[in-house]
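For reference, the structure is listed below as structure tokens.
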Amino acid sequence: MPRPSVESARLRTPAHWIVWTAVLFAVTFALGFAAKAVPSLRFGDVVVAVNAVSSPVLDRVALLADLLDRPAVAVGILVAVFVVLFVATGWRRAMGTCVATGFGWLTTLLVKAVVAEPRPSTAELTHPLHISPATLSYPSGHVVFAVAVVTGLMLACRRTVPAVMVGVIGGAIALVVGWARLYAGVHYPTDIVGGFLNGIAGVLLSAGLWNLPFGRRQPRSAAEQ
12 MPRPSVESAR
22 LRTPAHWIVW
32 TAVLFAVTFA
42 LGFAAKAVPS
52 LRFGDVVVAV
62 NAVSSPVLDR
72 VALLADLLDR
82 PAVAVGILVA
92 VFVVLFVATG
102 WRRAMGTCVA
112 TGFGWLTTLL
122 VKAVVAEPRP
132 STAELTHPLH
142 ISPATLSYPS
152 GHVVFAVAVV
162 TGLMLACRRT
172 VPAVMVGVIG
182 GAIALVVGWA
192 RLYAGVHYPT
202 DIVGGFLNGI
212 AGVLLSAGLW
222 NLPFGRRQPR
232 SAAEQ
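For the sequence shown, position 155 matches number 166 in the working numbering, and the numbering has no gaps at all.
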């Protein structure tokens, strides 16, 4: 008689996930406070230089990236992630990934509130896109969301090779998002770096907490087999 199939909601967090989370958040806050205290560490000249290399195509990319953290867009992306993982791994891991990604992204609100770094001035931009951000500068919430999605997908992968592929492709997309925020003149380079750190830290924290009650392997129902 065949053994019943099993499904796990467990996400592939590192063995010492709480340590990695603490270190990443510590570095995230340290970078933010350092950039706020020492303006030269923000590398504002880089923002002006990136913005100066403009074209209609680059404008469209930057404006498209600006939509990334709109609630409707973010929810749509998470729904798409759930559907893909539901087919590939089952609903439990799909749900865990979306929960970890969503809550990981929301941790940026705490970091923004604590660091409270103002946005770059647009006075020196040669090609302003007239984007009006609604929150503080550090870290970039757009980058945090992009990195959170990539990190969540990597933790959902059962094997190393797919996880690496997701990391490489997703990391490249996150870099494009980071560039777009610099191009739009709404973030400093340190905001982008902080976004990567915060995105990874937030998802590791959320995934680790998810695994505590939901990380055990469970038999699949007959409808799922």
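Beta carbons are placed, not taken as given, at the ideal position from N, Cα and C, and that holds for glycine.
Non-local beta-carbon contacts of A105 in its own chain, meaning distances under 6 Å to residues more than five positions away in sequence, involve F93, L96, F97 in chain order. Put simply, of L193, G182, L22 the residue whose alpha carbon is nearest the alpha carbon of I142 is L193. Sequence-distant partners of E128 (beyond 5 residues in either direction) whose C-beta falls short of 7 Å from its own C-beta, in its chain, are G43, A46, K47, L147, S148, Y149.
Around the beta carbon of V187, fewer than 16 other beta carbons sit within 10 angstroms, so the residue counts as exposed. In the three-state reduction of the DSSP assignment, S143 falls in the coil class. Annotation note: the stretch 65-133 contains the following uninterrupted alpha helix (DSSP H) runs of length 4 or greater, listed N- to C-terminal: 67-77, 82-100, 102-126. An exposed status is given to H27, since fewer than 16 other beta-carbon atoms sit within 10 Å of its beta-carbon. If you keep only unbroken alpha helix (DSSP H) runs of at least 4 residues inside the stretch 128-215, you get 152-167, 171-194. Residues of the same chain with a CB within less than 6 Å of the CB of G181, apart from the 5 flanking positions on each side, are V161 in chain order. By the criterion of a C-beta distance shorter than 6 Å, D202 is surrounded in its chain by S148, Y149, P150, S151, once the five residues flanking it on both sides are discounted.
In terms of Cβ geometry, R103 and A159 do not form a close pair [threshold 9 Å]. A63 carries a helical assignment under DSSP once its states are collapsed to helix, strand and coil. Just so you know, the alpha carbons of W116 and G226 end up roughly 21 Å apart.
Around the CB of T137, fewer than 16 other CB atoms lie within 10 Å, so the residue is classed as exposed. R23 and A73 have their C-alpha atoms spaced approximately 33 Å apart. Shown here, P25 sits in coil according to DSSP, grouped into three states, outside any helix or strand.
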